[in-house]
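Residue numbers (the working numbering): 95 to 222. Here's the structure we're looking at; comments come further down.
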Amino acid sequence: MITLLLADDNPRMLAALVQLLQREFVIVDALASGEEVLAKSDTVCPDIILLDISLGDLTAFQVSDQLRRRGCPSRIVFLSVHENPEFVRAAIEIGAFGYVFKSQISRDLVNALHAVAEGNQFFSNSET
C-alpha cells in the first residue's frame, strides 16, 4: 500500500484528512507543523508527503526545499486554499508532484495521490 505523511496546522482538517485517506493508504503520521515534518523525515520517508501550503511555522515551499536538500525521496503534494496559478507554478518549480485545492478535496485528493504514487503529476483545475 501507498504510505503517506500528512501535515496541516488545522486540527480539524488534519482529522478529516486522516478519516478520508486511512482506508486506501497507510498513514505513517499526521503532523501539525513543518518542523515536525522535517524531524519525522529523519526517520521515515513515506511514498508521499501531503503538505498544507501554510503550516504556521514554515510554508510547504520551505519544507519541500529542506526535504530535497536532505535527500528525502518522498513525492510532495501541496494542499491549499490558494487557487492562484502562480502558487501552482511555484509548486511545480520547486518539484512538487501535485497541488490540490482544498475546495476540490472530495473530487481530486484520492485521485491525485494515486496518480503521484504511479509517478505522474496531478494539479487541480480551478474550473469546476
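Cβ coordinates follow ideal geometry from the N, Cα and C atoms, glycine included.
Residues bridged to residue i [DSSP beta-bridge criterion]
| i | result |
| --- | --- |
| V171 | L144, G192 |
| A121 | According to the sequence shown, residue 121 is Ile rather than Ala. Beta-bridge pairing links I121 to L98. |
| F216 | G192 |
| T153 | S148 |
Environment of residue i [buried if 16+ CB atoms lie within 10 Å]
| i | result |
| --- | --- |
| P105 | exposed |
| P179 | exposed |
| S200 | exposed |
| M167 | A small fix is needed here, since residue 167 is Pro in this sequence, not Met. Exposed: under 16 other Cβ atoms inside 10 Å. |
| A185 | buried |
| A109 | exposed |
| G213 | exposed |
| V182 | buried |
Cβ distance (whole Å) where residue i is taken to contact residue j below 8 Å
| i | j | result |
| --- | --- | --- |
| E129 | L161 | That pair is no contact at about 12 Å. |
| F195 | S158 | Their Cβ separation, rounded to whole angstroms, is 18 Å, which puts F195 and S158 out of contact at 8 Å. |
| A126 | V112 | About 12 Å; that fails the 8 Å criterion. |
| G189 | Q215 | G189 to Q215, Cβ: 10 Å. No contact. |
| N211 | I142 | What sits at residue 211 in the sequence shown is Ala, not Asn. Indeed they touch by this definition, with Cβ atoms about 6 Å apart. |
| D103 | G150 | 4 Å |
Original post:
Does the pairing of the stretch 165 to 176 with the stretch 127 to 147 give three or more beta-carbon distances under 8 Å?
Top reply: yes
**OP:** Examine the Cβ distances between the stretch 95 to 111 and the stretch 119 to 138 and report whether three or more of them are shorter than 8 Å.
**Re:** yes
Original post:
Do the stretch 110 to 128 and the stretch 198 to 213 touch if we need at least three Cβ pairs shorter than 8 Å?
Top reply: yes
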